[in-house]
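If you read the sequence shown in our numbering, its first letter stands for residue 121, the second for the next number, and so on.
Yeah, the Cβ is synthetic: ideal placement off N, Cα and C, and Gly gets one too.
Note that this is a predicted model, so its numbers are computed, not measured.
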Amino acid sequence: MSTPSVSFEFFPPKSLEGSFRLWDCVNTLAPLAPTFVSVTYGAGGTTRKLTHEAVSTIHKTSGLNVAAHLTCVDATRAETMEIAQSYADAGVREIVALRGDAPKGQEKFTAHPDGFASSVELIESLANTGQFTIRVGAYPEKHPEAPDQAADIAFLKRKIDAGASSAITQFFFEADTFFRFRDACVKAGIDAPIIPGILPIENWNGTQKFSAQCGTHIPQVIHDAFTNATRDGTTDLLATALATELCDELLRGGVDHLHFYTLNRPELTRDVCHALGIAPKARLQNVA
Ligand code: FAD
């Protein structure tokens with residue numbers, strides 16, 4: 121089993137304290153030599169400027185390969201493509217292309233009258249520029265809006281065929297969930313890599329809420345373990361052990377790249393990577 125490649129997701133800071141935390145996160149995880157790091161785009165397009173600033177700053181100052189998340193929400197096609205072009209101009213050549221969720225207060229995604237109606241349209245336009253590596257989202261436990269998994273996977277195939285080169289999954293807690301999904305994707309003719317998204321559980325209450333919203337199943341054994349760990353004050357230890365075990369099973373099943381949802385808290389992700397044997401690499405600038 122060879123050492124996997126890794127990538128890390130951050131969100132853009134909204135305050136000075138948040139900026140320091142993001143910077144700490146980048147500095148803590150950069151020595152693990154990620155293939156790329158990505159920066160999210162606030163729900164409803166709310167962090168357009170902040171995402172751009174965070175992406176450009178990380179790109180300029182860390183030397184890491186940065187992927188900017190971009191959604192279709194609340195923007196015309198021209199505005200969305202202008203943002204993409206500004207990334208290309210800044211030397212950022214990776215985009216995680218998403219439809220996005222409805223802005224707060226609205227029930228479901230409604231396309232802007234002059235905007236992209238779906239992620240497929242966004243991916244096609246980005247691909248036509250010839251400037252980007254495009255990654256997309258995928259849902260091992262089905263997107264809540266999809267009628268069934270077959271329809272969801274058929275839609276994922278349309279996203280790949282439109283020009284995406286890989287898909288990053290929503291987080292999940294059982295390796296078999298990922299393996300079943302990966303097999304179904306292959307059967308549906310998807311040959312692009314499907315990268316598992318790993319969420320080390322930093323915040324148990326938040327994870328339960330978010331899992332319920334996005335349809336991620338939390339096995340009873342994890343509920344029980346967190347009840348005990350919360351009582352004993354050992355939740356970080358448990359979260360590290362669970363994520364490490366999940367990653368280990370994935371690697372044994374042939375996965376060669378792991379994508380971590382860091383929530384801008386680097387410690388658990390760093391500890392999981394270390395436990396998997398992903399060691400810090402000396403960077404020339406640190407020894408010169
Ligand atoms: P799509 O794949 O385009 O659509 C979701 C599902 O709806 C499809 O799988 C399909 O089953 C169905 N569907 C949609 N349109 C059609 C259609 N025309 N015909 C048939 N079926 C259709 N959200 C943010 O706001 N900002 C982020 O930065 C962000 N980053 C993310 C990163 C990853 C890796 C993932 C997995 C999700 C992320 N999200 C983010 C959440 C994402 O925006 C939501 O899950 C959103 O509801 C779906 O976006 P998508 O591009 O995956 O959707």
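Report all residues from its chain with a CB closer than 6 Å to the CB of residue i; omit the five preceding and five following residues, and keep chain order.
i	result
Thr364	Val392, Ala395
Pro154	Val126, Ser127, Phe128
Ala222	Lys228, Phe229
Under a three-way DSSP split, which group does residue i fall into?
i	result
Gln251	coil
Glu214	strand
Glu265	coil
Pro124	coil
Phe229	coil
Ser245	helix
Glu202	helix
Val193	coil
Tyr259	coil
Val375	coil
Ser331	helix
Ala408	Bear in mind that the predicted position of Ala408 carries a pLDDT of just 49, short of 50, making it unreliable; the figure below should be weighed with that in mind. If DSSP states are grouped into helix, strand and coil, Ala408 belongs with coil.
Ser68	Residue numbering for the chain in the displayed model covers 121 to 408; residue 68 lies beyond these limits and cannot be assessed.
Phe380	strand
Ser239	helix
Ser410	This structure gives no information on residue 410, because the portion of the chain shown stretches from 121 to 408.
How would you label residue i, buried or exposed, when you count the other beta carbons within 10 angstroms and need 16 or more for buried?
i	result
Lys224	exposed
Pro339	exposed
Glu202	exposed
Ser122	exposed
Ser135	exposed
Leu142	buried
Thr196	exposed
Pro267	exposed
Asp272	buried
Lys279	buried
Thr249	exposed
Val146	buried
Phe140	exposed
Pro137	One detail in the question is off: residue 137 reads as Glu in this sequence, not Pro. It is exposed - the Cβ of Glu137 has fewer than 16 other Cβ atoms within 10 Å.
Pro260	buried
Pro233	exposed
Tell me, please, which residues DSSP counts as bridged to residue i.
i	result
Phe291	Gly317
Glu369	Glu369 pairs with nothing; no bridge assigned.
Phe130	Val159
Tyr207	According to DSSP, Tyr207 bridges with nothing at all.
Val186	Val157
Can you give me the Cβ contacts of residue i inside the same chain, cut-off strictly under 7 Å, excluding the 5 residues immediately before and after it?
i	result
Asp356	Leu388
Thr167	Pro132, Tyr161
Cys334	Pro264, Gln290
Does chain C have any CB closer than 8 Å to the CB of residue i?
i	result
Ala361	Structure shown: chain C not included; a single protein chain is present.
Quick one: residues in its chain with C-beta nearer than 8 Å to the C-beta of residue i, no 5 flanking neighbours on either side, listed in chain order?
i	result
Gly309	Lys277
Val159	Glu129, Phe130, Phe131, Pro132, Thr171, Ala174, Val175, Ile178, Val186, Ala187, Ala188, His189
Asp144	Pro386
Ala208	Thr249, Gln251, Phe252
Problem set entry | Inter-stretch contact at 8 Å, needing at least 3 Cβ pairs: the segment 174–189 / the segment 227–237 | The segment 174–189, when compared against the segment 227–237, does not touch it at the 8 Å Cβ threshold.
Exercise. Does the segment 230–249 come close enough to the segment 198–212 that 3 or more CB-CB pairs lie under 8 Å?
Worked result: Three or more beta-carbon pairs drawn from the segment 198–212 and the segment 230–249 are found closer than 8 Å, and the two stretches are therefore classed as touching.
Problem set entry | Touch test, the segment 328–336 against the segment 367–375, Cβ-Cβ under 8 Å, three pairs minimum | No, the segment 328–336 does not touch the segment 367–375.
Problem set entry | Contact between the segment 209–217 and the segment 166–179 (3+ Cβ pairs under 8 Å) | Yes, the segment 209–217 touches the segment 166–179.
For this session: Decide yes or no for the touch test of the segment 372–380 against the segment 122–133: beta carbon pairs closer than 8 Å, at least 3 of them.
Result: Short answer: they touch.
For this session: Tell me, please, whether the segment 344–359 touches the segment 292–305 by the rule of three or more beta-carbon pairs shorter than 8 Å.
Result: The segment 344–359 vs the segment 292–305: no contact.
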